[in-house]
Every structure is written in structure tokens, then in C-alpha cells.
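Protein chains in written order, with the numbering used here: chain L, 1 to 322; chain V, 1001 to 1313.
Here's the structure we're looking at; comments come further down.
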Amino acid sequence: MSPETTIAQEPAGGPPRRLQAQSKRYGERAIKVALAFCALLSVLTTTAIILSLLGPTIGFFEIVPAQEFFFEVDWTPQFEPPSFGVLSIVAGTFNVALWAMVFAAPIGLGSAVYLSEYASPRVRKTIKPALEVLVGIPTVAIGIFAVSFLLPHVIVPLWPGDFLGGAEGKPFMALAAALGIGLMVVPIIASLSDDAMRAVPRGLHEGAYALGATKAKVATRVVFPAALSGIVASIVLAISRAVGETMIVVIAGGSTPRWTLNPVESIQAMTSYIATTATGDIGTGTTDYKSIFAVGALLFVITLAMNVISIRLVRRYREVYE
Amino acid sequence: MEAGGASAPRNRLAVAGARATTQAMLRDQPRKDVIRNAIFAGVLLLAVTIALAGLLALLIQAFARGSSALSLDLLNNPPSTLNPDSAGYRPAILGSLQLIAGVILFIVPIGVGAAIYLEEYADSSRWWNRLVEVNIQNLAAVPSIIYGILGLAFIVRGPLDLGFILVAGSLTLALLVLPMVIIASREALRAVPDSIRQGSLALGATQWQTIRRQVLPASIPGIATGVILAVSRAVGETAPLLLVGATVFVTFDPTPFGSDGYSAMPVQIFNYALRPQDEFQTLAFAGVIVMLVVLLAMNSFAIWLRNRYEQRW
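Here is the structure:
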């Protein structure tokens, strides 16, 4: 648009008016730049995270060979000579995450199907917020609950005797942390899967009902498959939360690095290693200090991969039905 | 009504016929299906019950084990390793309040600003704007302990070099919850219909005037909900604070820039919980009760706010 553009028919009595703004509006531009800077800050945060992980991690691999870190199972940084085989704390993390999902996936998905297909609007309006309250409970509280209630009053009585070494008399175990984390991620799975199932068009339900399907069949054979990518996304996100959770595993999981998926053993997870090592008195340049960053970098890469998968999946189901 | 009157008997016949057919078919529905349906519904109900029972058990246990230590002294006394009977949470509570004040000062302008830019200005077909968007989604799911590492390497030491002070903890928590605020604020802005913007622009308002006088006021309840939920997340976070110097035994009132250390509510609870003696366990549970009451109140207020001011256009 050129500055000469004027309104074709002049309003009676008034001077010719321009469609162009009278001034350059520098203020408007300054505001836009300031707002863009706020958005840019998030990119800077990511850059800072990567930079702060990268430096010490490179320093760490100058001391500890990558082969030892990635392929050995002895994690004994406090011994002399120390050994940094990360696999046993990776196993600790996935031990907890696996059993957390064994508990949380069926409960979360069951709740989601109930909420989206069975519950009346009124029941839904009470249960969904009640479940979401669980997300707001501080993880310290869940950790204490896991170690002082779930472990002695749920796991020990229900565990079948000496199976896998027995649960009795152990002050910490992966399963206690797993149940705590499970409780924490159930609402994530339930809420996101419920959203995915409600995004399935009503027509599909009604078509199935018209063909004589029962409610259970509509839920399992029509709605569930149609919402599958959203459901998988919710589970992947829940796994990523379980892998990144710190306080529950610190409090209930123990601090013994162990190359096992046995749920009734005391373990150490990647996050709990970082938390317990970083709070102790360690000098800035030591290998111990750098190992925090190497483990942190690995954790960052694992959770990032899961988040990317989850975001992709969510986008797919949105594209299909919206 | 003439035509309807003439065909009414036929309609009635048709409806009756359809109903009879449907009933006959439903009667023929295999018994197996009916039973399966009932079992399935039962299993689903069981799943919901287990989840809610877990929540209930957590609340009941905290109250059963911690209520004996609830008193004003709990809020007003400093922690002590020697006298658990008179120990309390005063420095931790003051520390948490200051941390949260800092978080709010940081996340409200930056979070809302970023959301406004992404919703109102950014052209989402440009790669850099999409990068920012994807980046925020990813940041929202980065484990909190990684933010602790960021705080340790970038804020406490490294480029900012603030040292182990309360402000460093506050900044770390703010970065942690910032993506939540941005995402919630964007949703609130998106809920304002375009016709409002177009009306304002058509009357000659500039884009910023439109945003400030029309779009922002209409989306404040949604933004406030997002901010409250983000703050409640920040209140409960422990792991990143462990890395940026929330040392657990602070018996004096912390200050924002004091280099003698600071404490926060969840960190203090964690410290009490690690001690084996019953008195300290009771103190930990009492602390959990205090936190749960505060957080549940905040979250309920946020949900109420969202429902109360949810505007239908």
C-alpha cells in the first residue's frame, strides 16, 4: 500500500483520509520486539541447559572412557579406584519406570475409558478434578507415603512370600518408588487419554451402537483404536515423567546401584544419584562433580526423545479428527 | 397440521414396528455379551476406585501421623536437631514465600509476554516461530532435576555466578515453571474470538491497544489459573532446590541475597523425613499436612476461577 492511497469517495465535509497510520508507531514495534524477546528466552533456556550439560560432560569423558560409562555395570564412584558403569543406575531408573507403568497404565486407561464412555457428566465433573489433585501433590509427600505406607502396609502383605527374594524387612525397594510414581502418573494418563477418546467423533460411536454393539465393544473396538495415538502419547509422557522423577526414588527407592529389574530390590536411579551426589560436599573440578553432568546429559537425551515421540503422536490424532 | 394428521397413524405404526424389532434384537443379544459388558464396567470402576483410594490413603495417613504436631509453634519455631518437640518450619516457610514471590515476579511478565508474542504477533509459518513453539513444549517436559543442574552450572556458578543464594533458587524454579505459564496463557488468549480483535482494529485501535484493552482483559481468568497452577508446582518442587543450595538446616530467617543459606518447605520436610526418630517423622507429616492444605487450596481456587469466569462467546 502506498502512502498516497486515499479513500475513493471523500466523506462530506471532511479532509481526505489516509488508510496509512499517521505516525511510524515506534512504540508498537518496540512492544513487539520486547514480547519476541520473552519468547526467545525459552530458546535461551534450552541453549543454557545444553551448554551447562555439555562442558562438564566432555570433561568427564576425558577422564572416564566412554566404553566404561556406557557398557559396564559397576557404578561405584566412591570406591578407589572408582568405576563409572552407568548401566546399573540406568537399570534402576527403568526398573522403577517399568513397574510404575505396569501399575499405572491399566489404572489410568481404565479410568480414562470410564470417564469418557461410562461416567455421567456429573460424575465426570467430580472425578476428573479429584484425580487431577494427585498431580498437584508434592512429590516429597508421595515419596514419604510410599516408604511409610505403601511399602509396609500394601506391598509386604500382598507380596507372595519369598518370590524374587521376598519383600519382608526391606526398608527401601524399587516397587515402593514405582507405586508412588504410578500414583503420580495415573492422572496424567487418565486425563490425556480421556481427552483423546473424547476427540473421537460421536458418529463413530453411534454407528457402532446402531450395529448392535454393546458399550464394552464400542469402547474397546471403536473408541480405543481410534484414539490410540493419543493414548500412546499419554503413556510415553507418563514414562518420561517416571524416568525424570527424583524425590520419590530418592526417598523410597534406596541408594544401591544394581543391574536388575527385580522390583523388590533396593536400587539407585539416575535422578537419585544426581540429587544425592550434588547435595554432598563435592569440589567443582572433581570427577564426581562432572559425573553428575554426564548422568544428567544422558537423562536429558532419554526424556527428550520420549517427549518428541509423544508430541508427534498427539499432533497426529489432532490432525485426523479436527 | 392436515398432512401430519393424515399420516399420524402410519407414523405411529412405523415407530411401533421399529420398537418391536429393536426389542426383539436386544432380547436376542447374546447373554455372554451382557455379562461381559457388566464385567468390563466393573473393572473400569475398580480402576477409578484404586486411583482415588490411593489419593485418599495419602491424605488420611498424613493427617493420622502428623496432626499431633500441628500447632502455631510448628509454623513459628525454627528447626532443631535436639528438640523435635519444639522444632518447626519458620525459616522454611519464609524461604518458600520469598522463593515464590521471586517466581511470580519473573513468570508473570515473561510468560504472558511470550504467550502474547506467539499468539498475537508470530507468523507460525516461519521456522523460527515454530522452533520457539516446539521448544516450549519440550521444555515443559524436561525433568526438574535437569533444571537443578542448569541452576547449579549457569546461575549459581558460571555466567551469572550468583552463589548459593535464595534468588538463584527462585530463578531456577521460575525457569522450571515458565513453560507451563506460557502454554496456559496461550490457551487463554486463543479462547478470545477473532471477532473481538477485528472489531477493535476496525475502530482504529492499534494492535497493542487491541491486545491491552480487549484481548488481555478477556483472558485474565485463564492466565491467572495458569499462573496459580504453575506457582503451586513451584511450591512443591524439591529436587532442583537441592542442587542450588537450599541447605536444610537454616535456623534463622532467610533473606533474598543472604549468602548464609536458605531453606524451603519441601526441602525441610525431606530432611525431617530422612531422620529415623518418630518425633521427626511426625514433624515431617505435619509439614506435609501444611503443604497439602496450602496446595489444595491454591488448586481448588484455580479450578474455581476457571469455572467461574469461563466466558462463552
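Don't be surprised by glycine CBs; every beta carbon is placed ideally from N, CA and C.
In this text, all values refer to a predicted model and were calculated from it rather than measured experimentally.
- Put simply, the CB of Val1048 (chain V) is near chain L, with a gap under 8 Å to one of its CB atoms.
- DSSP places Trp1127 (chain V) in the helix class (H, G or I) of the three-state scheme.
- In its chain, beyond the 5 residues on either side, Val96, Ala177, Ala269, Thr271 and Ser272 have a beta carbon closer than 7 Å to the beta carbon of Val249 (chain L).
- With respect to Val1288 (chain V), Ile181 (chain L) sits apart: the two C-beta atoms are not nearer than 8 Å.
- For Tyr1121 (chain V), the residues of chain L that pass the 8 Å Cβ criterion are Lys32, Leu35 and Ala36, in the order they occur in the chain.
- By the CB criterion at 8 Å, Ile188 (chain L) and Leu237 (chain L) fall inside the cutoff.
- Of all C-beta pairs linking the region 1221-1237 of chain V to the region 1088-1106 of chain V, three or more are shorter than 8 Å, placing the two stretches in contact.
- DSSP, read as helix, strand or coil, puts Phe145 (chain L) in helix.
- For Pro1240 (chain V), the uninterrupted alpha helix (DSSP H) segment begins and ends at Ala1239 to Leu1243.
- Taking 8 Å as the cut-off between beta carbons, the residues of the region 1176-1207 of chain V near chain L are Leu1178, Pro1179, Ile1182, Thr1206 and Gln1207, in sequence order.
- Here Leu1118 (chain V) is not near Ala119 (chain L), since their CB atoms are 8 Å or more apart.
- The Cβ atoms of Ser1219 (chain V) and Ala1184 (chain V) lie no closer than 8 Å to each other.
- The beta carbon of Leu1162 (chain V) sits closer than 7 Å to those of Ile1155, Val1156 and Ala1168, all from its chain and outside the five residues before and after it, given in chain order.
- Proximity of the region 65-79 of chain L to the region 145-161 of chain L falls short of the contact definition, fewer than three beta-carbon pairs being nearer than 8 Å.
- For the pair Leu1075 (chain V) and Gly1088 (chain V), the CB atoms are nearer than the 8 Å cut-off.
- Under the DSSP assignment, Ala199 (chain L) falls outside any alpha helix (DSSP H); it carries neither an H nor an E label.
- In the three-state scheme derived from DSSP, where H, G and I count as helix and E and B as strand, Ser42 (chain L) is classed as helix.
- Per the coordinates, the alpha-carbon of Ile63 (chain L) lies some 11 Å from the alpha-carbon of Ser83 (chain L).
- The residue from V:Asn1083, V:Leu1176 and V:Thr1049 with its alpha-carbon nearest to that of Phe1280 (chain V) is V:Asn1083.
- Around the beta carbon of Ile235 (chain L), a 10 Å sphere encloses 16 or more other beta carbons of the protein chains shown; the residue is thus reported as buried.
- Under the 8 Å Cβ criterion, the region 1063-1078 of chain V counts as touching the region 1283-1297 of chain V, having at least three qualifying pairs.
- Annotation for Ile292 (chain L): Ile274, Thr277 and Ala278 place their beta carbon closer than 7 Å to its own, counting only its chain and skipping 5 residues before and after.
- Within chain L, Ala39, Leu40, Ser42 and Val43 have C-beta atoms less than 8 Å from the C-beta of Val1132 (chain V), given in sequence order.
- Within its own chain, the residues whose Cβ lies closer than 7 Å to the Cβ of Glu1187 (chain V), once the five positions on either side in sequence are excluded, are Gly1222, listed in chain order.
- DSSP places Ser272 (chain L) in the helix class (H, G or I) of the three-state scheme.
- Only residues of its own chain outside the window of five on either side were considered, and among them Val186 have a CB closer than 6 Å to the CB of Ile107 (chain L), listed in chain order.
- Only those residues of the region 223-257 of chain L whose C-beta falls short of 9 Å from the nearest C-beta of chain V are listed: Leu237, Ser240, Arg241, Val243, Gly244, Glu245, Thr246, Met247, Val250 and Ile251.
- Boundaries of the alpha helix (DSSP H) harbouring Leu1044 (chain V): Arg1031 to Gly1066, taken from the DSSP string.
- Under the three-state reduction of DSSP output, Ser83 (chain L) falls in the strand class.
- The way I'd put it, the region 1236-1243 of chain V does touch the region 1139-1149 of chain V; three or more beta-carbon pairs between them come closer than 8 Å.
- Rounded to the nearest whole angstrom, the C-alpha separation of Trp159 (chain L) and Gln1061 (chain V) is 21 Å.
- Taking C-beta atoms as the reference points, Val1108 (chain V) and Val1227 (chain V) count as a pair closer than 8 Å.
- When secondary structure is reduced to three states using DSSP, Trp75 (chain L) falls in the strand class.
- When C-beta distances to chain V are compared with 8 Å, the residues of the region 274-285 of chain L below that value are Ile274, Ala275, Ala278, Thr279 and Thr284, in chain order.
- Contacts with chain V at 8 Å (Cβ-Cβ) do not include Ala177 (chain L).
- Excluding its 5 nearest sequence neighbours in each direction, Tyr289 (chain L) has C-beta neighbours in its own chain below 6 Å: Ile282, listed in chain order.
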